[in-house]
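For reference, the structure is listed below as structure tokens.
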Amino acid sequence: MLSIVVWIVGQPRAFSCLMFISLYSAGPKGDNIYEWRSTILGPPGSVYEGGVFFLDITFSPDYPFKPPKVTFRTRIYHCNINSQGVICLDILKDNWSPALTISKVLLSICSLLTDCNPADPLVGSIATQYMTNRAEHDRMARQWTKRYAT
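All residue numbers for the sequence shown refer to full-length UniProt numbering, where the first residue is 1 and numbers rise by one.
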């Protein structure tokens with residue numbers, strides 16, 4: 001499920017087009033509306049570029065008053081995402097608001113893939129590496145993306 005929107009701009013005889021491709025999609029796994037599957041494409045220019053990451057989204061009966069549980073199914077080298085796929089993101093915990101949509105949650109996760117938050121890590125060793133040896137961190141993140149997400 002990849003959303004594609006095309007804008008066409010130009011003269012009557014010549015045209016150019018700009019394509020916007022959504023970095024994420026989500027929908028129910030089957031008949032259970034509380035269990036969803038999501039796909040996030042590694043953001044262009046990030047160390048996760050070229051990767052395809054799968055996530056599970058579980059809604060409680062209290063949604064939207066309680067946040068959904070979102071976990072990565074695809075392994076990822078990231079200081080805010082642990083080996084069980086748990087994501088450290090404030091809007092999935094204390095800063096949740098019923099006004100937030102799944103689209104906004106997934107956009108926030110895409111943003112986290114572009115700009116991690118080493119000040120609030122789930123994986124301290126990766127955060128330390130990010131801050132002290134960025135080149136090695138980026139090499140490892142690209143290697144994991146190639147190994148697990150392509």
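Even for Gly, the Cβ is constructed at its ideal location relative to N, Cα and C.
Taking 7 Å as the cut-off, is the beta-carbon of Y48 closer than that to any non-hydrogen atom of the ligand HEM? In terms of ligand content, the structure shown is empty, and the ligand HEM therefore cannot be addressed.
CA nearest to the CA of E55, picked from P61, P68 and Y63: Note that residue 55 is Leu in the sequence shown, not Glu. It is P68 whose Cα lies nearest to the Cα of L55.
Look at the Cβ atom of R53, then the Cβ atom of A149, and state whether they are nearer than 8 Å. The sequence shown places Phe at residue 53, rather than the Arg named in the question. Yes; because the gap between Cβ atoms is below 8 Å, this pair is in contact.
Looking at the secondary structure, which residues open and close the alpha helix (DSSP H) in which G124 lies? G124 to T132
So, with DSSP's three-state summary, where would you put T145? helix
I need the straight-line Cα distance from D120 to T128, nearest angstrom please. 11 Å
Same chain only: Cβ atoms within 7 Å of L23, ignoring 5 sequence neighbours per side: I40, L41, P43 and C110
Please work out which residues of its chain come closer than 8 Å, Cβ to Cβ, to W144, disregarding the five sequence neighbours upstream and downstream, and give them in chain order. R75, I76 and Y77
When the Cα of T71 is compared with those of P64, P61 and L92, which residue comes out closest? L92
Within 8 Å, strictly: CB atoms of A26 and I102: yes
Between the alpha carbons of P61 and E136, how many angstroms are there, rounded? 43 Å
Can you tell me whether G51 is buried or exposed, with buried defined as 16 or more other CB within 10 angstroms of its CB? buried
Tell me the residue span of the beta strand (DSSP E) that contains V52. V52 to T58
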